[in-house]
Structure formats: structure tokens, C-alpha cells
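J.: The structure follows.
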Amino acid sequence: MSQLNFDEQFALQVEPETKAAACLQKKPTVSKPRAIVTDHYNEFIKEFNSIAPYHNRFEVFRDFIHVAAIALENRILKLPELEKEYFKIIGRYEKKDVEKFCCLLSHVSLGLQRELCDFLGKIFMSLNLGNSNMGQFFTPFEVSEMMAKMIIRNPQPKIEQSGYISVSDPAVGSGGMVIASAKALLEYGFDPSKHMLAICTDIDWVAARMCYVQLSLLGIPAIVNVGNSLTLTVSRIMYTADYYLQYQRLATSQ
Numbered sequence: 230m231s232q233l234n235f236d237e238q239f240a241l242q243v244e245p246e247t248k249a250a251a252c253l254q255k256k257p258t259v260s261k262p263r264a265i266v267t268d269h270y271n272e273f274i275k276e277f278n279s280i281a282p283y284h285n286r287f288e289v290f291r292d293f294i295h296v297a298a299i300a301l302e303n304r305i306l307k308l309p310e311l312e313k314e315y316f317k318i319i320g321r322y323e324k325k326d327v328e329k330f331c332c333l334l335s336h337v338s339l340g341l342q343r344e345l346c347d348f349l350g351k352i353f354m355s356l357n358l359g360n361s362n363m364g365q366f367f368t369p370f371e372v373s374e375m376m377a378k379m380i381i382r383n384p385q386p387k388i389e390q391s392g393y394i395s396v397s398d399p400a401v402g403s404g405g406m407v408i409a410s411a412k413a414l415l416e417y418g419f420d421p422s423k424h425m426l427a428i429c430t431d432i433d434w435v436a437a438r439m440c441y442v443q444l445s446l447l448g449i450p451a452i453v454n455v456g457n458s459l460t461l462t463v464s465r466i467m468y469t470a471d472y473y474l475q476y477q478r479l480a481t482s483q
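If you want our numbering, it's the 1-based position in the sequence shown plus 229.
Quick look at the structure:
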């Protein structure tokens, strides 16, 4: 499946094969060591701003999130309709810009590995992409952390009884509150990938997919709904890979 290739995106960059003529040089050229990227937040913004100047910034971000979510979801489902949707989106972009989408996803993944946070939510707000008509504002992660620590206290009895705790967010945004809850659970010594189930809903499909991408990369079992929590209508349901991995155990524990 020709999508955002995870093997390619995280592969070490290898220098091109040395030509025979170069080997005959008395003083072969020595490549400079590659810089190790640690500031994935600023590198993401820098890369993002260089992508597809022929589209507005919200369209580019929306399409990146959409294809990233499809790439993650279709690793499990392998649905032709999702692949068709993927190719329809990238058909709007030049090849070099599609390749840059892979770099963006790398920065998201590595940024989350470096620090457990709402990486995409911070990016989204920094780029001023929020919908003011919808009152769209993602809670600063520090506030989410404080709230999570107030809510999740001594989870051990619940985990011993049911095997996991469930976290529900009816207006999940990019998943900041869920990620903060996972961080709080980790501080108690429990692995969120085994002892947590997140049920997430957002009316905005871009926000819901941002949440799906981050929870998928973090290995959190989650059900992510695109829908209205007030009317209880859902137009799309996405399950993270770790939800499928833990489904049997979660189902028997309920």
C-alpha cells in the first residue's frame, strides 16, 4: 500500500553508493556528521510552512492529518475505500510535498516520544488554525495535566478489579486530556497501553483525527468518534491499533 510508509519515514538516511572514480582519489571526501534533531516542534512548523504554497495553510494541515490517520488506520483494516480516499487527497499535491508529509509524521511521532504532550494541539494553536466560529480552542497541556492529576487518584483498586480504567472525553479536540490522563496513570506505575481505554468524541473531524493520530502513535487503546456528543449522533468511528490488540482482554473485563 503506497501510503505514508513507516519503514521509510524512520529509516536512517544512507549516503548514495560511492562511485569507483571517487575511490581512486587520494583524499576522499568525508561527510559531515548529520545533526540530531531534538526540537521536533519547531522543525515541524518549519517543514509545514514549506509545503504546498499553492494551498492555504489550513487545507495543508487538514490533508496531512487526514492521510496520516488513513495510513495508521489502514495498517489494520486494509480497506480499498480508505486507500482510494488517500490517493484522492495526495493527488492534489506535488510528489515532493507528499514526501514532506512523511517528515511531518516523523516529527509528530518523535516529538511524542521525547515528551508526552499534546504535540498536534500545540502546533494547531501556534499556527492559528482554530475555528473561531466554533469557539475552537485547545486546552493548554499544562492545564490538562493538572486536571488529570485531580481526577486520576489511586487507580490501583479499579485496575485490580477491572484490569483497566476508562477515560471519556465528549469534546476531545486533539486528545490533550486523554494524553494527560495517560501520563498521570504512568506516574502511578501503570502502562496506559494495557490499563487504559479512551473513548473520545469530537464534532470536528479534523480534531478527531488529530486525536486518533496521537493516540495511535502513543499506543493507547482508544475509540475515536466523529460525532455530536449532545445529539448522540456519530458519523465515523476509528479504533487505534492497540484497541484491537487489547480488545479481547478489554471485552472480557467489562
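Glycine included, each C-beta is placed from N, C-alpha and C at the ideal position. As the structure is a computational prediction, the values presented were derived from the model and not from experiment.
Just to confirm the assignment: which complete alpha helix (DSSP H) runs, minimum length 4, are found wholly within the segment 288-363?
T.: Correct list: 309-319, 324-343 and 348-355.
J.: Using the C-alpha atoms, what's the distance from residue 442 back to residue 322?
T.: Here residue 322 refers to the residue found at position 93 of the sequence shown. Here residue 442 refers to the residue found at position 213 of the sequence shown. In a straight line, the C-alpha of residue 322 is about 21 Å away from that of residue 442.
J.: DSSP on residue 420, reduced to helix/strand/coil?
T.: For the purposes of this step, residue 420 is taken as residue 191 along the sequence shown, with counting starting at 1. Three-state result, residue 420: coil.
J.: For residue 468, list the residues DSSP reports as bridge partners.
T.: Counting from 1 along the sequence shown, the entry for residue 468 is found at position 239. 452, per the DSSP bridge assignment.
J.: Check whether the segment 318-338 and the segment 463-478 touch, using three or more Cβ-Cβ pairs below 8 Å as the test.
T.: At 8 Å Cβ cutoff, the stretches do not touch.
J.: Using beta-carbon positions only, say whether residue 354 and residue 366 come within less than 9 Å of one another.
T.: Numbered from its first residue, the sequence shown carries residue 354 at position 125. Numbered from its first residue, the sequence shown carries residue 366 at position 137. The answer is yes: Cβ separation under 9 Å.
J.: For a test of the three-state rule: what should DSSP assign to residue 437, helix, strand or coil?
T.: If you number the sequence shown from 1, residue 437 lands on position 208. Here residue 437 sits in helix by DSSP.
J.: Pick out whichever of 391, 310, 294 and 386 has its Cα sitting closest to the Cα of residue 426.
T.: As a first step, residue 426 must be located in the sequence shown, where it is residue number 197. The shortest C-alpha separation from residue 426 is found at 391.
J.: Just curious, the beta strand (DSSP E) that residue 401 is in, first and last residue?
T.: Against the sequence shown, residue 401 aligns to sequence position 172. Taken as a continuous stretch (DSSP letters only), residue 401 belongs to no beta strand (DSSP E), as it is neither H nor E.
J.: So, residue 485 versus residue 448, is the Cβ gap smaller than 9 Å?
T.: Nothing can be reported for residue 485: it is not among the residues displayed for the chain, which extend from 230 to 483.
J.: Quick one: give me the first and last residue of the alpha helix (DSSP H) that residue 427 is part of.
T.: The residue given as residue 427 occupies position 198 in the sequence shown. Not the alpha helix (DSSP H): residue 427 falls in the beta strand (DSSP E), residues 425-431.
J.: Nearest CA to the CA of residue 386: which residue from 359, 419 and 400?
T.: Stepping through the sequence shown from its first residue, residue 386 is reached at position 157. Looking at the Cα atoms, 419 is the closest of the given residues.
J.: Would residue 280 be called buried (16 or more neighbouring beta carbons within 10 Å of its own) or exposed?
T.: Taking the sequence shown and counting its residues from 1, the one referred to as residue 280 is at position 51. It counts as buried.
J.: I'd like the span of the alpha helix (DSSP H) that includes residue 269, first residue to last.
T.: Working through the sequence shown from its first residue, we reach residue 269 at position 40. Residues 269-278.
J.: Using alpha carbons as the reference points, say which of 434, 396 and 268 lies closest to residue 457.
T.: As a first step, residue 457 must be located in the sequence shown, where it is residue number 228. For residue 457, the nearest C-alpha among the options comes from 434.
J.: I'd like the span of the alpha helix (DSSP H) that includes residue 386, first residue to last.
T.: To locate residue 386, count along the sequence shown from 1; it is residue 157. Element bounds for residue 386: 385-391.
J.: Is it buried or exposed for residue 380, if we count other Cβ within 10 angstroms and need 16 for buried?
T.: Taking the sequence shown and counting its residues from 1, the one referred to as residue 380 is at position 151. Residue 380 is exposed by the Cβ-count criterion.
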